[in-house]
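*Asks:* I have a structure I would like to understand better, so I am pasting it below and will then ask my questions one at a time.
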Amino acid sequence: MPVERSEPRSAEELHKYYELYETIGSGGFAKVKLGRHILTGEKVAVKIMNKKDLGDDLPRVKVEMEAMKNLSHQHICRLYQVIESPTQIFMILEYCPGGELFDYIIAKDRLSEEETRVFFRQIVSAMAYVHSQGYAHRDLKPENLLIDGDHNLKLIDFGLCAKPKGGLGYELMTCCGSPAYAAPELIQGKAYIGSEADVWSMGVLLFALLCGYLPFDDDNCMVLYRKITKGKYDNPNWLSPGSVLLLNQMMQVDPKRRVTVRQLLDHPWVTKDYNSPVEWYSQQPLGHIDEDCVTEMAVNMKRSRESTTALIREWHYDHLTATYLLLLSKKQRGKPVRLRREPLASEDAVSPLHGRSQTKKTLHFTDDDDAVVLGCVDLCSDYMDDCPWVSVTPKGAGEKTQRTIDDKRLASPLVDNRCVQTTTPEKGHAPAQHRQERKRRDRDPTCENKENVALQETDVEIFALPPPRTPASGKKHPRPGRSVLTTPNPSLSNGTRGTALTPKVGGSGSKELVKKKAAESKESTNLEILAFSPERRSRSLDMPASDSGKKKRAGRVFGSLERGLDKVITMLTPGKRRALRDGPRKIKAQYNVTLTGQTNPDQVLNQILSVLPSKHVDFSQKGYTVKCRTWDDYGKVTMAFELEVCLLHRPEVVGVRRQRLKGDAWVYKHLVEDILSTSSI
Ligand code: H91
2 MPVERSEPRS AEELHKYYEL YETIGSGGFA KVKLGRHILT GEKVAVKIMN KKDLGDDLPR
62 VKVEMEAMKN LSHQHICRLY QVIESPTQIF MILEYCPGGE LFDYIIAKDR LSEEETRVFF
122 RQIVSAMAYV HSQGYAHRDL KPENLLIDGD HNLKLIDFGL CAKPKGGLGY ELMTCCGSPA
182 YAAPELIQGK AYIGSEADVW SMGVLLFALL CGYLPFDDDN CMVLYRKITK GKYDNPNWLS
242 PGSVLLLNQM MQVDPKRRVT VRQLLDHPWV TKDYNSPVEW YSQQPLGHID EDCVTEMAVN
302 MKRSRESTTA LIREWHYDHL TATYLLLLSK KQRGKPVRLR REPLASEDAV SPLHGRSQTK
362 KTLHFTDDDD AVVLGCVDLC SDYMDDCPWV SVTPKGAGEK TQRTIDDKRL ASPLVDNRCV
422 QTTTPEKGHA PAQHRQERKR RDRDPTCENK ENVALQETDV EIFALPPPRT PASGKKHPRP
482 GRSVLTTPNP SLSNGTRGTA LTPKVGGSGS KELVKKKAAE SKESTNLEIL AFSPERRSRS
542 LDMPASDSGK KKRAGRVFGS LERGLDKVIT MLTPGKRRAL RDGPRKIKAQ YNVTLTGQTN
602 PDQVLNQILS VLPSKHVDFS QKGYTVKCRT WDDYGKVTMA FELEVCLLHR PEVVGVRRQR
662 LKGDAWVYKH LVEDILSTSS I
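For the sequence shown, the residue numbers in the working numbering are 2 to 682.
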């Protein structure tokens, strides 16, 4: 049977081999979704780009794809497959459930020297390898380091990387990367050596790990540049003399006096407690083809092992490459090297490796899988679309806000495009590498570390809560200097740390009261939603917004709540009915969740909603999730993030899950801290 090696034609190619779930992030003009490779059952991240939207950034994407095809290392996010159509590009990437290192740092406030060392060794390992392959990364920062399922780091975003023709010793001219991490020679527009500039960025990164803030920071770019070119920063008193020395060696203004990555491999600070240099060579060289994976694929494809090996060696980054790399990844994690054998009900009589006609939306995963997908996902309609929901645009601080409903969205039928929500399992405190080794040793393929994948049915776009009824009336003053994004960090001994978010349960926070309040709030929320929804829908669909509509709405809310309720209930599918009744999601405490001392989710939601306009944040709300955006003077979105009010199990309090979708990470940190502290959360 011939192997499909032609240019993939369209997004169909994607659906043949992958199930797609919710959006997990975005970067520039890309959207990143969680996906699952059907044949292996492995989770993947799918980076989706629209070529038209990319415009001048298209070469950057090509640079990234080429670099990622060449780089194969345990601390670099793996590229599995590229699917390109005339209009879109899909990159299938290694999934890292731990998210960005940035969020991990801010949740802990800062890391201990021991934990920093574990991560820093991995960063040195990745960078030594990148440089050994002739590349400079040029955009090193904690947002570009992801945490995988074993709590190991993976470097991403090679869009700015450079491979000088004559080798890394050759000078580069393009000034790029994030200003706060940029080396002095780079921002001065001088020719620079990529690897030397990377060491400076690694120094800034090391400082951010140990301190939880940046060594050089200012809202004003010129002031920031001056600080960087002077190379002066303050060492906080908790830094050990060894840390102060290493930071100083890395952040030397003169690149020739800067320590090199090669020197970092066996630097005394780096090897402390390890007594061994960093292992930087690839543990997954592309030259070696694994026999077990070949055998499994050869059986599946009904080919000889020799011809299968030859096909893999072509490294086309098509479905064959993806299947091999994902099988290898399964093997390395102690999972069985098995491909799905039984065809799906909707499958054609073709070999699974060659794809199938159309994705079936209900899947039961094989024995070693950690999740069962219970429902259906809309796979293609909105790759690059944003959900407009109900958008609220502040007209400047203190002014009245304007609440609009996106008619386009309402005119189209309800589309459930996100069913599966993953949550990262809580990790223990053992050092990452040690834990990984132990995990490998102890692994039993039948008792995999299960990741919690739960059905999420909150896409009821048209039904928004009414404006907050209890706006900032009881609002206290913001608490400056309080890091509301921090979760308690037992690993840090300093008494000033890790206390900010210690849940304030006590007094009114008894278990029973929490439960009662949650139940009450659920009820009231649903009533609000149901009371307002039918009116909103009909206004948008059938008639222009008018004052009389508003009056009618008010009358109906109090007059025929039950009729409205029935109407909505019958309009909805069973899943959506459930979504309305269910109230906030119940989730485990994670490091991107701010614990509140409060027990009423509606109150927390209202507090947040009432504060956003004064912070010049546009928002749209869907149930308990608030999508936030800020804009610059030219109408460009500068920041996008989500705040989701949720209920936590232990302690039983209301939490706010945060997710940055776009924008500078540190600006985001300060803004969200400001919003949450002003909301008295
Ligand atoms: N930032 C630079 O937010 C802002 C979970 C998550 C899990 C991922 C795997 C790969 C990538 C992202 C993942 C991810 C962009 C990935 C890899 C490359 C790349 C891009 C993304 C964000 C985009 C979303 C990311 C984190 C970085 C999550 N993300 N949560 N696995 O270029 Cl090579 Cl854009």
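By construction, the Cβ of each residue, glycine as well, lies at the ideal position given by its N, Cα and C atoms.
Output yes or no for whether 9 Å exceeds the beta carbon distance between T88 and N51.
*Replies:* Yes; because the gap between Cβ atoms is below 9 Å, this pair is in contact.
*Asks:* Could you give the distance in angstroms between the alpha-carbon of A198 and the alpha-carbon of G150?
*Replies:* For A198 and G150, the distance between alpha carbons rounds to 30 Å.
*Asks:* Which ranges does the beta strand (DSSP E) cover as unbroken runs of at least 3 residues, wholly within the region 606-650, from first to last along the chain?
*Replies:* As far as the region 606-650 is concerned, its whole beta strand (DSSP E) runs of at least 3 residues are 619-623, 626-632, 638-649.
*Asks:* Judging by CA-CA distance, which residue of S308, V47, A137 is the nearest neighbour of I93?
*Replies:* Taking only the C-alpha atoms, the option nearest I93 is V47.
*Asks:* What is the DSSP secondary structure of A129, counted as helix, strand or coil?
*Replies:* A129 falls in the helix class under three-state DSSP.
*Asks:* Leaving out five residues on either side along the sequence, give the residues of the same chain with a beta carbon under 6 Å from the beta carbon of R61.
*Replies:* Excluding positions up to five away in sequence, the list reads G160.
*Asks:* Can you tell me whether H365 is buried or exposed? The criterion is at least 16 other CB atoms within 10 Å of its CB, across all chains shown.
*Replies:* The predicted model places H365 with a pLDDT of 32, which falls under 50 and marks its position as unreliable; any figure quoted below should be read in that light. Classification for H365: exposed.
*Asks:* Could you give the distance in angstroms between the alpha-carbon of K637 and the alpha-carbon of Y669?
*Replies:* Straight-line Cα distance between these residues: approximately 16 Å.
*Asks:* If we call anything under 9 Å between Cβ atoms a contact, is G213 one with L147?
*Replies:* The answer is no: Cβ separation not under 9 Å.
*Asks:* Considering just the uninterrupted stretch of the beta strand (DSSP E) at Y22, what are its terminal residues?
*Replies:* Element bounds for Y22: 19-28.
*Asks:* Mark K17 as exposed unless 16 or more other C-beta atoms lie within 10 angstroms of its C-beta, in which case mark it buried.
*Replies:* The residue in question, K17, is buried, as its Cβ has 16 or more Cβ neighbours within 10 Å.
*Asks:* From the DSSP secondary-structure annotation, give me the bridge partner or partners of M92.
*Replies:* Bridge partners of M92: K48, V83.
*Asks:* Please look up how many angstroms separate the CB atoms of V245 and F121, rounded, as I've assumed it's under 8 Å.
*Replies:* No, V245 and F121 are not in contact; Cβ-Cβ is about 15 Å, not under 8 Å.
*Asks:* Residues in the same chain with beta-carbon distance under 6 Å from G243, minus the five sequence neighbours each way, listed in chain order, please.
*Replies:* Hits under 6 Å: W270.
*Asks:* Just the Cα atoms here: how many angstroms apart are T296 and S308?
*Replies:* Distance between the alpha carbons of T296 and S308: 11 Å.
*Asks:* V205 by DSSP, collapsed to three states: which one?
*Replies:* Helix.
*Asks:* With H, G and I counted as helix, E and B as strand and the rest as coil, what does DSSP make of G656?
*Replies:* It is a strand residue.
*Asks:* Tell me whether L15 is buried or exposed, calling it buried when 16 or more other Cβ atoms sit within 10 Å of its Cβ.
*Replies:* Flag for L15 reads buried.
*Asks:* For the ligand H91, is there a heavy atom less than 8 Å away from the beta-carbon of S283?
*Replies:* For the ligand H91, not one heavy atom lies less than 8 Å from the Cβ of S283.
*Asks:* List the endpoints of the continuous alpha helix (DSSP H) containing I188.
*Replies:* Element bounds for I188: 185-188.
*Asks:* Taking all protein chains shown into account, decide if L562 is buried (16 or more other Cβ within 10 angstroms of its Cβ) or exposed.
*Replies:* With a pLDDT of only 31 at L562, under 50, the local geometry of the prediction cannot be trusted, and the value read off the model is given with reservation. Burial call: exposed.
*Asks:* Would a check of beta-carbon distances place Q622 closer than 9 Å to chain B?
*Replies:* Protein chains in the displayed structure number just one, and chain B is not present.
*Asks:* Closest to L210 by C-alpha separation, out of R227, L248, L225, Q189, would be which residue?
*Replies:* Cα-wise, what sits closest to L210 is L248.
*Asks:* G100 by DSSP, collapsed to three states: which one?
*Replies:* Reduced to three states, the DSSP call for G100 is strand.
*Asks:* Can you name, in chain order, every residue of its own chain whose Cβ lies under 7 Å from the Cβ of Q608, other than the five neighbours on each side?
*Replies:* Closer than 7 Å at Cβ, skipping near neighbours: S680, S681, I682.
*Asks:* Please state the DSSP three-state secondary structure of G168.
*Replies:* If DSSP states are grouped into helix, strand and coil, G168 belongs with coil.
*Asks:* Going straight from the alpha carbon of L606 to that of Y234, what length do you get?
*Replies:* Roughly 39 Å between the two C-alpha positions.
*Asks:* Which residues share a DSSP beta bridge with R690?
*Replies:* With the chain running from 2 to 682 in the structure shown, residue 690 is simply not present.
*Asks:* If you check the beta carbons only, do L683 and V200 fall under 9 Å apart?
*Replies:* The structure shown does not extend to residue 683, since the chain spans only 2 to 682, so no value can be given for it.
*Asks:* Any idea what DSSP makes of T309, helix, strand or coil?
*Replies:* In the structure shown, T309 sits in a helix (DSSP, three-state: H, G or I).
*Asks:* Looking at C-alpha atoms only, which residue of E643, S73, H671 is the closest neighbour of L326?
*Replies:* For L326, the nearest C-alpha among the options comes from S73.
*Asks:* Less than 8 Å between the CB of D675 and some heavy atom of the ligand GDP, yes or no?
*Replies:* Absence of the ligand GDP from the depicted structure is noted, with the ligand H91 being the only ligands included.
*Asks:* Could you pull the DSSP bridge partners for R37 from this structure?
*Replies:* Per DSSP, E20, K44.
*Asks:* Would you say G36 touches the ligand H91, meaning its beta carbon is less than 8 Å from a heavy atom?
*Replies:* G36: no, Cβ never under 8 Å from the ligand H91.
*Asks:* What residue does the beta strand (DSSP E) around I148 start on, and which one ends it?
*Replies:* Unbroken beta strand (DSSP E) run through I148: 146-148.
*Asks:* Looking at the secondary structure, which residues open and close the beta strand (DSSP E) in which K155 lies?
*Replies:* Counting along the chain, the beta strand (DSSP E) containing K155 begins and ends at 154-156.
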